[in-house]
Amino acid sequence: MSAEIDEGFYSRQLYVLGHDAMRRMGTARVLVAGMGGLGVEIAKNVILSGVESVTVQDEGDTVWTDLSSQFFLKESHLGRNRAECCIQQLRDLNPRVCVSAHTGPLDHDLLRRFQVVVLTRSSLDDQKRFGDFCHAQGIRFVVADTKGLCGQLFCDFGEEFEVLDWDGETPETVIVQNISKDNPGVVLCAGDHRFPDDAVVSFSEVQGMTELNGLGPVKIKNLSDSSFSIGDTSAFSEYKCGGMATEIKQPLKFKPLSDALLDHQTLIINGYGTVTRHRTLHLAFQALHGFVASQRRLPLPHSDADADALVAMVRELNEVARLEQLDEFAVRSLAYTARGDLAPVNAFIGGLAAQEVIKACSRKFIPLQQWLYCDAFECLPENGNQQAERSSSTDGTRYDGQTAVFGSAFQEKLAKQKYFLVGAGAIGCELLKNFALMGLGASEDGHITVTDMDRIEKSNLNRQFLFRSQDIGEPKSKTAAKAVGEINPQMNITAHQNRLDPDSEDVYDYHFFTGLDGVAAALDNIDARVYLNDRCVQHRKPMLEGGTEGSMGHTLVVVPHMTKSYGKATKSPTEDIPLCTIKYFPSRIEHTLQWARNQFEGHFKQNPENMNLFLNDVEFVDRTLSHGDAEALEVLEGVWNCLEVMTAGGKRPTSWEDCVTWARSEWETLFNHKICQLLHNVFPDKATDPDLSSWSGTEKKPHPLTFNPNNTTHMDYVVAAANLYAQIYGLEGTRDRTSITQILDHLVVPPFVSTSSIKIDLTKKEEEEEEKECDDYEKARLKELKELLSLPSVRASALQMHPTDFEKDDDQNFHMDYITAASNLRAENYGITPVDRHESKRIAGKIIPAIATTTAAVAGLMCLELYKLVQGHRDISSYCTSFFNLSSQYFVWSRPTRAKRFTDYPSRWELW
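Just so you know, the sequence shown maps onto residues 4 to 915 in the numbering used here.
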């Protein structure tokens, strides 16, 4: 990737990683060995993330089992090299990344070319040999493996791996209250601290005991929630006051794989799993490598003899490991299903592994230390996996990797499913890919309906991997349906472009829902989820739901007559900013950005829209007057200001110079005159307060700005405002600042003149008088506007306008230029720290940070729940609700909550 970051493409990921981490990634070269389902999943996510280059390596040829999870391989590729067959499609994912294929064996000379090496489908001998080499050479080393319903992940980032940003937050810092002169010296904090024991801190701004300032890392020992010791301070000067202690994160130390194999303290991520389960899997994967080495094959599906052999091998390994207890059910389940190659498991482990590669390249977020195991044995039939159909994984179908686990009868049942997918965005694309690989609805009796009203934008391409640049502007649902049809031609899928809401209930009616087996929600807002949930409850259909925010993901399964539903929408207490805060008391950048959005909507959307309504509807004025005086006055004033009239106050521009004049006048009005008006009339008692003592709480004293054409932000506003103003009147603008400056040089801006006083704190009598004055003014002005707008000459002079809908992702349309400049100027008025365009876009556009790794993991977990739904599991403990954070390997798996039951004697009922 070039040094210049394509913010249009990486927009949502930048909000997860940041520019610095992305630049570090742009210099990283990554090798992914093994192009089966897991390898291609990792490669896909890493390529989308924006490293410098990715090389995919595989010596093997495509076989039937690959088609169960390798989404870039087709039946026509059978017998051909896996890496060569999928190289072009991998390149198409992100042209900013150099992608190449290597079909020869791995060797040390090849590995030396990379900063990160990922092994999949590798033998234990190769893992040890190449792991030792990478550790010695300082190459970050990742091993990822899936076998049936089990996954394994290992990371070795070397002896001294420095994490530059552990969690995306500022380092923990505490204010010092006192430091004793003693051995050891004791630091008393002004409040509690969150330093871990044996943390390392640095001191600054200490007065008196200045030896601590700049001393370097100091190791601490916690004494209480508000104190810690720091070693001998007896020779230092007396502490006087002040000081800050800031935690310094130390480099992480990793063991090479050959040494780490002896570490049985594996990471537990499955809420139903136990320490015994995952320590057993640590041995079971090693035993499985031994089985393959001796038998030249994986255990046969559901073979008791092979399972007995694997259990014996694990017991032998445990003579050295000396685990107190072995989970033999886990060993047998691994043996029964090891030949399986499941798309959902690969999606989940592939998402996790790719996130570790990103950490290795970017040095952002806490890497895995060092082993991770997970299993999904609860997906097996409830009557025990020994009852599963004995079927071979060499039947010669694209589902061989799946039938090896669940049998061909279950595969037929999957193919007959009728599912409704709502949303074809990031999670929707991943779900459709998994559905295609699983064969969901892939028969004459089965069907998938997908709906999404949106069209593809450039910012989608970074994580909605079914779309390419040539698809921009096309419907998401239609394009996604076509793409998964190429993955699996047996797919029976119909694409709609409907919004799911009451207006589409004639399409998604009783007959539509009763014909479904289930619903999957891939939505980006709470209201839509709640509405879909209500329809599923109404028609008693199961619902799979998942969502992401940055590196965090969650999944939920709703099972009729068993679990509670998704629930009702709850409004965030910080969702709406009070109008008085926006108008008078902004204290955060969020407030000024909302103010800027309001300005944009009023000038460039609402006023032009109302103008067009007035032009095309003779009853518009009368209908507006029925809405209430205050609202009607705002609307009609906006229309009047848009009109080309032959009276004083006519403001319709006829040239580019008029637009620049308007923009400059608007600048003066918003950032000088109105601030002066506030100080003189709204805050007359506070305006001259020199020490700001009368400004309480979060109130910030505003100050007017003086226009300076050499100030970039000042000119940014004028350029953006003038161009947007020109657009709504159908005039041509320009970005040429030299010509704009020349126009500004000839303008004379009138000085501020105080108008009538505005009061905030009024007595009841004053309030009544003020309200009466306002009412009288509103009524008089409304009467005047009604008469003016009724004149035939006024309507005859009106012309159609061009309203502008706010679009945050188009860098050429001046929308974010205006919002950013207006917000930062307002922030300057109130002494609020401004933010750059990128952060302004996130806040003003209400953008949810997103990254492909989390999306893949969420979709994988949702499809594991789908296996259970299709089998008809009735034990609630086999279903999982999940929450995870890939930035810190935080995983919570829990049982869904049962539907609440109510009693109204003699009746009993529940949600369903």
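No residue lacks a Cβ here, since even glycine has one placed at the ideal position from N, Cα and C. No experiment lies behind these values; they were computed from the predicted model shown.
Cut-off 8 Å between Cβ atoms - residues of its own chain near residue i, not counting five sequence neighbours on either side
{"i": "residue 359", "result": "145, 156, 158, 370 and 371"}
{"i": "residue 845", "result": "18 and 852"}
{"i": "residue 832", "result": "674, 678, 705, 706, 707 and 708"}
{"i": "residue 901", "result": "565, 566, 567 and 879"}
{"i": "residue 868", "result": "547, 558, 560, 882 and 883"}
{"i": "residue 11", "result": "461, 462, 812 and 814"}
{"i": "residue 856", "result": "48, 52, 354, 355, 357, 358, 361, 554 and 889"}
{"i": "residue 570", "result": "533 and 536"}
Where residue i falls, given that 16 or more other Cβ within 10 Å makes a residue buried
{"i": "residue 676", "result": "buried"}
{"i": "residue 322", "result": "exposed"}
{"i": "residue 528", "result": "exposed"}
{"i": "residue 215", "result": "buried"}
{"i": "residue 795", "result": "exposed"}
{"i": "residue 5", "result": "Unreliable positioning characterises residue 5 in this predicted model, as indicated by a pLDDT of 47, which lies under 50. The coordinate reading is nonetheless provided below. Residue 5 is exposed by the Cβ-count criterion."}
{"i": "residue 459", "result": "buried"}
{"i": "residue 373", "result": "buried"}
{"i": "residue 545", "result": "buried"}
{"i": "residue 298", "result": "exposed"}
{"i": "residue 433", "result": "buried"}
{"i": "residue 765", "result": "Here the model assigns residue 765 a pLDDT of 45, short of 50, so the residue's position is not dependable, and the following value carries that caveat. Exposed, by the Cβ-count rule."}
Where the alpha helix (DSSP H) through residue i begins and ends
{"i": "residue 516", "result": "513-517"}
{"i": "residue 746", "result": "740-748"}
{"i": "residue 377", "result": "Note, residue 377: premise wrong, no alpha helix (DSSP H); beta strand (DSSP E) at 374-378."}
{"i": "residue 659", "result": "659-671"}
{"i": "residue 52", "result": "40-52"}
Cβ shell of residue i (< 7 Å), same chain only, five flanking positions each side left out
{"i": "residue 421", "result": "444, 449, 450, 518, 519 and 520"}
{"i": "residue 204", "result": "198, 221, 223, 248, 249, 250 and 251"}
{"i": "residue 880", "result": "898"}
{"i": "residue 68", "result": "344, 396, 403 and 404"}
{"i": "residue 733", "result": "805"}
{"i": "residue 744", "result": "712"}
{"i": "residue 613", "result": "638, 641 and 642"}
{"i": "residue 888", "result": "554 and 555"}
{"i": "residue 816", "result": "810"}
{"i": "residue 595", "result": "589, 826, 829, 830 and 835"}
{"i": "residue 907", "result": "none"}
Euclidean distance between Cα positions of residue i and residue j
{"i": "residue 260", "j": "residue 53", "result": "27 Å"}
{"i": "residue 891", "j": "residue 555", "result": "10 Å"}
{"i": "residue 384", "j": "residue 871", "result": "8 Å"}
{"i": "residue 838", "j": "residue 746", "result": "29 Å"}
{"i": "residue 238", "j": "residue 231", "result": "19 Å"}
{"i": "residue 723", "j": "residue 820", "result": "6 Å"}
{"i": "residue 427", "j": "residue 72", "result": "20 Å"}
{"i": "residue 606", "j": "residue 525", "result": "35 Å"}
{"i": "residue 751", "j": "residue 672", "result": "14 Å"}
{"i": "residue 912", "j": "residue 563", "result": "14 Å"}
{"i": "residue 312", "j": "residue 296", "result": "13 Å"}
{"i": "residue 522", "j": "residue 474", "result": "27 Å"}
{"i": "residue 501", "j": "residue 478", "result": "11 Å"}
{"i": "residue 30", "j": "residue 587", "result": "47 Å"}
{"i": "residue 452", "j": "residue 533", "result": "20 Å"}
Boundaries of the beta strand (DSSP E) in which residue i is found, first to last residue
{"i": "residue 421", "result": "421-425"}
{"i": "residue 76", "result": "Unbroken run through residue 76: none, as it is neither H nor E."}
{"i": "residue 865", "result": "No beta strand (DSSP E) contains residue 865, which is instead part of the alpha helix (DSSP H) from 855-874."}
{"i": "residue 149", "result": "143-150"}
{"i": "residue 154", "result": "153-159"}
{"i": "residue 319", "result": "Run containing residue 319: none in the beta strand (DSSP E); it sits in the alpha helix (DSSP H), 307-324."}
{"i": "residue 706", "result": "Where residue 706 is concerned, there is no enclosing beta strand (DSSP E), given that its DSSP letter is neither H nor E."}
{"i": "residue 893", "result": "893-897"}
{"i": "residue 907", "result": "904-907"}
6 Å Cβ shell around residue i - same chain, five flanking residues per side excluded
{"i": "residue 2", "result": "Since the first residue of the chain shown is 4 and the last is 915, residue 2 is not available in this structure."}
{"i": "residue 401", "result": "70"}
{"i": "residue 34", "result": "58, 117 and 120"}
Any chain B beta carbon closer than 8 Å to residue i
{"i": "residue 878", "result": "Going by chain labels, chain B is absent from the structure shown, which holds only one protein chain."}
Any non-hydrogen atom of the ligand HEM closer than 7 Å to residue i Cβ
{"i": "residue 597", "result": "The ligand HEM is absent from the structure shown, which contains no ligand whatsoever."}
Report yes or no: do three or more beta-carbon pairs, one from the region 294-311 and one from the region 331-342, lie closer than 8 Å?
The region 294-311 and the region 331-342 touch, with no fewer than 3 CB-CB distances between them shorter than 8 Å.
Meets three-Cβ-pair contact criterion under 8 Å: the region 407-420 and the region 310-321:
no
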